[in-house]
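Trainee: The structure follows.
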Amino acid sequence: MKKILSLVLAVLMLLGCVSFAGAETEFDPDLVAAAQADGELVVYGSCEEEYLQAACDGYEKLFGIKVTHQRLSTGEVQAKIEEENGNPSADVWFGGTTDPYNICAKEGLLQTYEAKNAVHLLGDAYRDAEGAWYGIYKGILGFMVNTEELERMKLDVPQDWQDLLKPEYKGLIWLSNYNTAGTAKLVINTMIQKYGHDEGIKYLVDLDKNIQVYTKSGSGPSKNVGTGECVIGIGFLHDGIYQIVDNGYDNIGLVIPSTGTSFEIGATAIFKGAKHDAAAKLWIEYALSPECVEQADEFGSYQFLVIDNAEQPKQAAEFGLDPENVMKYDFEDAKQNTTTYIAEVMEALGAAADDRFQTK
Numbered sequence: 008m009k010k011i012l013s014l015v016l017a018v019l020m021l022l023g024c025v026s027f028a029g030a031e032t033e034f035d036p037d038l039v040a041a042a043q044a045d046g047e048l049v050v051y052g053s054c055e056e057e058y059l060q061a062a063c064d065g066y067e068k069l070f071g072i073k074v075t076h077q078r079l080s081t082g083e084v085q086a087k088i089e090e091e092n093g094n095p096s097a098d099v100w101f102g103g104t105t106d107p108y109n110i111c112a113k114e115g116l117l118q119t120y121e122a123k124n125a126v127h128l129l130g131d132a133y134r135d136a137e138g139a140w141y142g143i144y145k146g147i148l149g150f151m152v153n154t155e156e157l158e159r160m161k162l163d164v165p166q167d168w169q170d171l172l173k174p175e176y177k178g179l180i181w182l183s184n185y186n187t188a189g190t191a192k193l194v195i196n197t198m199i200q201k202y203g204h205d206e207g208i209k210y211l212v213d214l215d216k217n218i219q220v221y222t223k224s225g226s227g228p229s230k231n232v233g234t235g236e237c238v239i240g241i242g243f244l245h246d247g248i249y250q251i252v253d254n255g256y257d258n259i260g261l262v263i264p265s266t267g268t269s270f271e272i273g274a275t276a277i278f279k280g281a282k283h284d285a286a287a288k289l290w291i292e293y294a295l296s297p298e299c300v301e302q303a304d305e306f307g308s309y310q311f312l313v314i315d316n317a318e319q320p321k322q323a324a325e326f327g328l329d330p331e332n333v334m335k336y337d338f339e340d341a342k343q344n345t346t347t348y349i350a351e352v353m354e355a356l357g358a359a360a361d362d363r364f365q366t367k
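Residues 8 to 367 (the working numbering) are what the sequence shown spells out, left to right.
Quick look at the structure:
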C-alpha cells in the first residue's frame with residue numbers, strides 16, 4: 008500500500024501540488040511524502056479540548072499520519088518546553104494566545120518555518136516576522152457576567168476596566184493565573200500598554216483585592232459564570248459565546264470594555280528540536296487551511312478566523328462582536344517584556360501572591 012501511495016505521489020509531484028480526501032487545499036506532495044515517512048506527530052494544544060481533538064483527527068484522516076495530543080494551558084506548555092530546553096516531547100503547539108509563544112520564540116525554543124499557506128493570512132500582524140509562529144484565530148478580551156446574580160444583588164453590569172475596581176465587586180471577579188494562562192499574560196500586557204507601566208501594575212494590584220479565584224486555564228472563569236459561582240469573569244468573549252450557545256446559559260452577558268480592549272491571536276508553531284520535522288511542517292500548512300480552522304465553530308470555538316479563504320463563524324457576528332474594535336496591541340513589547348512584567352506584578356502583590364498563584 009505504501010508503495011502504491013508513493014507512486015501516486017510521485018506522479019502528482021509533476022503537477023507540483025496535491026489535494027487529499029476531498030480537501031480544497033493543495034499540499035506540497037514532497038512535504039506530504041516526507042511527513043508520511045515520519046509516521047507520527049505529537050501535538051500540545053492550548054485551545055479547548057473539543058477543537059484540539061477535531062483538528063488532530065482531521066490531520067490524521069487527511070494524511071494517514073498518527074497523531075497523539077495533550078491539552079495544556081499555554082503557561083504549562085511554555086514551562087514544559089523551557090524545562091526540556093531543545094529536546095521537546097512534542098512536535099507542535101496549537102492554539103492559545105501568542106504571548107507565551109513569543110516568550111518561547113525569544114528563548115530560541117521555536118523553529119522558524121516559512122509556510123506556503125501563510126499567503127492567506129489577513130495581514131503581517133497574524134504571524135511572527137521570522138516564521139516562529141502563525142496565527143489561526145483572533146479573540147476579543149472582555150467581561151462575561153451573570154446578569155441574574157448582578158440583578159439579585161442590585162449591582163450594575165461593569166462597562167469598563169476601571170469599574171472592576173469598585174468595592175461592590177469585591178469577591179465577585181474571576182481571572183486566570185498569570186503564571187499558567189496566556190489569557191492572564193495578555194491582561195498584564197493590556198493594562199501596562201493601556202495605562203503605562205507603573206499605573207498598569209498598580210491597576211492589577213488594586214484589581215487583586217476584588218478577585219475571588221485565579222484559574223489555571225484562561226477559559227476557567229467563563230465555565231463558571233452561567234452557574235453563578237463566578238459573577239464576573241475576565242477572559243475571551245468567544246468562551247462566553249460557547250457557554251451561551253452550547254451549554255444554554257442565557258443568563259450570561261458579554262461586555263467589550265468601553266474605553267478599549269485588546270485581542271489575542273491564537274497561534275500554532277513548531278518546537279525547536281521536533282522529532283518529526285516534516286510532519287510538523289505539514290501541520291503548520293494544515294493549520295493555515297480552511298480544512299482545519301473551519302472546524303472550530305463545529306466544536307464550540309467561535310473565534311474570528313485570520314485566513315482569507317476561510318468562512319467566519321456566524322455566531323461571533325450574531326453577538327455583535329467586532330474584531331476590529333480593539334486597541335493597537337504592541338506585540339513586540341509583549342515579546343520582549345512579558346516575563347519581566349509577570350515578575351513585577353508578583354513582586355507588587357507581595358504576600359498575596361504566595362498561595363493564590365500556585366502552578367500545580
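Virtual Cβ for every residue (Gly too), placed ideally from N, Cα, C.
Mind pulling the beta strand (DSSP E) runs of 3 or more residues that sit fully within the segment 180–239?
Mentor: 180–183, 218–222
Trainee: Between the segment 281–300 and the segment 134–146, can you find at least three pairs of beta-carbon atoms closer than 8 Å?
Mentor: yes
Trainee: Rounded to a whole number of angstroms, what is the C-alpha to C-alpha distance between residue 212 and residue 43?
Mentor: 51 Å
Trainee: On the three-state DSSP scale, how would you describe residue 251?
Mentor: helix
Trainee: For residue 73, which residues in the same chain have their Cβ closer than 6 Å to its Cβ, ignoring the five residues on either side in sequence?
Mentor: 47
Trainee: State the Cα-Cα distance for the pair residue 156 and residue 238, rounded to the nearest angstrom.
Mentor: Near 7 Å, if we compare the C-alpha coordinates of residue 238 and residue 156.
Trainee: I'd like the span of the alpha helix (DSSP H) that includes residue 290, first residue to last.
Mentor: 284–294
Trainee: For residue 60 and residue 188, I'd like the C-alpha separation in whole angstroms.
Mentor: 20 Å
Trainee: Please report the distance separating the alpha-carbon of residue 83 from that of residue 242.
Mentor: 18 Å
Trainee: Check residue 51 in the structure and name its three-state DSSP category.
Mentor: strand
Trainee: When you compare only the Cα positions, how much space is there between residue 184 and residue 37?
Mentor: Looking at the two C-alpha atoms, the distance is approximately 43 Å.
Trainee: Does residue 245 pass the burial test, meaning 16 or more other C-beta atoms within 10 Å, or should it be called exposed?
Mentor: buried
Trainee: Exposed or buried, residue 76, counting other C-beta atoms within 10 Å across all chains shown (16 or more means buried)?
Mentor: buried
Trainee: Leaving out five residues before and five after residue 11 in sequence, what residues of the same chain have Cβ atoms less than 8 Å from its Cβ?
Mentor: Summary for residue 11: the model assigns pLDDT 43, below 50, so the residue's position carries little reliability; its value from the coordinates is reported in the next sentence. Cβ within range, chain order: n/a, list empty.
Trainee: Does residue 334 come out as helix, strand or coil in the three-state DSSP assignment?
Mentor: The three-state reading of DSSP puts residue 334 in coil, since its state is none of H, G, I, E or B.
Trainee: Quick one: Cα of residue 2 to Cα of residue 92, how far?
Mentor: Because the chain in this structure spans residues 8 to 367, residue 2 falls outside the shown range and cannot be described.
Trainee: Can you give me the C-alpha to C-alpha distance between residue 332 and residue 267, rounded to a whole angstrom?
Mentor: 8 Å
Trainee: Residues in its own chain within less than 8 Å of residue 113 by CB, not counting five upstream and five downstream?
Mentor: 342, 343
Trainee: Should residue 134 go down as buried or exposed, given a rule of 16 or more other Cβ atoms within 10 Å for buried?
Mentor: Classification of residue 134: buried, given that the 10 Å Cβ count is 16 or more.
Trainee: Based on Cα-Cα distance, which residue from 274, 69, 319, 279 lies nearest to residue 53?
Mentor: 274
Trainee: With 16 other CB atoms within 10 Å as the buried threshold, where does residue 191 fall?
Mentor: Residue environment: residue 191 is assigned as buried (16 or more neighbouring CB atoms within 10 Å of its CB, all protein chains considered).
Trainee: So the alpha helix (DSSP H) residue 88 belongs to, where does it begin and stop?
Mentor: 81–91
Trainee: Is DSSP giving residue 65 helix, strand or coil here?
Mentor: helix
Trainee: Roughly how many whole angstroms lie between the Cα atoms of residue 179 and residue 219?
Mentor: 6 Å
Trainee: Quick check for students: name the residue ranges of the beta strand (DSSP E) that lie wholly in the segment 92–126, counting only runs of 3 or more.
Mentor: 99–104
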